[in-house]
Amino acid sequence: MTTEATNLVEVADAGDPRLADYVRLTDVHLRKSLEPRHGLFIAEGEKVIRRAIGAGYPVRSLLVTRDKLAGLGDLAGSCPGPVYLVSPEVAQQLTGYRVHRGALASMQRRPLPPVGDVARGARRIVVLEDIVDHTNVGAIFRCVAALGFDAVVLAPRCADPLYRRSVRVSMGAVFAVPYARMDDWREGLGALRTAGFLLLALTPAADAVPIGELLGGAGGRGGRVPPDTRLGLLLGAEGDGLSSRWRDQADLSVRIPMSRGVDSLNVASAAAIACYALARRR
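Okay, here's the thing in structure tokens:
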């Protein structure tokens, strides 16, 4: 595919209404309202865009800076919608930051499946309660994908995994991991327990079970639960951790042993350690 694609549309004005999908990408409040309302999300960078396409998300349009077009010819040529070609300066005025990766895509969202559908065939899931930082959500999805967990379940107030920053930090892992959002924060864990999951509350509490002891050593010897148990790892909000309601509803509290007076880790770091400790041995 050459750069002479018929779907190229040169735009010189950042205020052009055709570019509305890409306006003020750094304005979190605007984007949190605009994107779900219009059923779109933004993928940034060639690798992430290709992964979104590969996962079956339809492309609405591309925004490409002139200096990057030569290396994106096949991506531009296969886009079913317009490919807006702008200068780096216009891209910065439009989005609110320097688009150094040279390409953005407006992608169409797909309906989320019910929690029951996502959990049905899973053995290991992560359940996020009110984690509002998009960077942490993206990093947790990347951990889940890399360490072999099967799915993510989100509480109603949890941050959007398809927000641009979440997608970027996850390096597209949000497209590879099945996820669903609870309708009911108060009773949502009960449905997971009914589905057969042992619910583990990750907490720094001193009386919690050290997470390395839960499944035991090689072959599961010495562990507190059989290694083939279906597990749901509950992770709480930044700072406050899990709510008292979710801690009380959990079957077990588990902790990551620490030293030198450190009492907790960033939630994404804690997720990586916990997922590694609880992953099914292959």
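The opening residue of the sequence shown carries number 1276 in our numbering; numbering runs sequentially from there.
Glycine included, each C-beta is placed from N, C-alpha and C at the ideal position.
Since the model is a prediction, treat every value here as computed from it, not as a measurement.
In this structure the segment 1517-1532 lies against the segment 1462-1473, because at least three pairs of beta carbons, one per stretch, are closer than 8 Å. For Y1438, the closest C-alpha among the options M1382, P1453 and L1489 is that of M1382. For F1472, the secondary structure class from DSSP, reduced to helix, strand or coil, is coil. Going by DSSP, T1504 is part of no alpha helix (DSSP H) at all; its letter is neither H nor E. Between L1490 and P1502 the beta-carbon gap is near 5 Å, inside 8 Å, which marks them as a contact. Residue pairing by DSSP places I1415 in no beta bridge whatsoever.
Taking each of R1535, R1499 and F1416 in turn and checking the Cα distance to S1544, the smallest one comes out for F1416.
Under the three-state reduction of DSSP, P1485 is assigned to strand. Uninterrupted beta strand (DSSP E) stretches at least 3 residues long and entirely within the segment 1370-1413 occur at 1378-1383 and 1399-1403, given in chain order. Looking from the CA of P1363, the closest CA among A1351, D1349 and L1344 belongs to L1344. The residue among V1529, V1412, G1377 and L1387 with its C-alpha nearest the C-alpha of E1321 is G1377. Looking at the backbone, the Cα of V1500 and that of A1426 are separated by about 21 Å. Apart from the 5 residues on each side of it in sequence, L1429 sits with its Cβ closer than 6 Å to the Cβ of L1403 and R1456 in its chain, given in chain order. Excluding residues up to 5 positions away in sequence, D1405 lie with their Cβ nearer than 6 Å to the Cβ of R1432 in the same chain. For F1450, same chain residues with a beta-carbon under 6 Å away, outside a window of 5 residues either side, are R1326, A1327 and A1330 in chain order. When secondary structure is reduced to three states using DSSP, R1461 falls in the coil class, being assigned neither helix nor strand. Scanning the segment 1425-1462 for uninterrupted beta strand (DSSP E) segments of 3 residues or longer gives 1426-1429 and 1454-1456, listed from N- to C-terminal end. Within the segment 1288-1369, the complete alpha helix (DSSP H) segments at least 4 residues long are 1303-1313, 1321-1329 and 1348-1353, listed from N- to C-terminus. Distance between S1539 and D1482, taken at the CA atoms: about 14 Å. Short of 6 Å from the beta carbon of E1310, and not among the five residues preceding or following it, lie these beta carbons of its own chain, in chain order: F1316. Here S1528 carries a strand assignment [DSSP, helix/strand/coil]. With a cutoff of 9 Å on beta-carbon distance, A1318 and Y1297 are scored as not near each other.
Contact check for L1473 and G1507: beta-carbon distance about 7 Å, within the 8 Å limit, so the pair qualifies. Within the same chain, no residue comes within 8 Å of G1290 by CB-CB distance, once the 5 residues on both sides are set aside.
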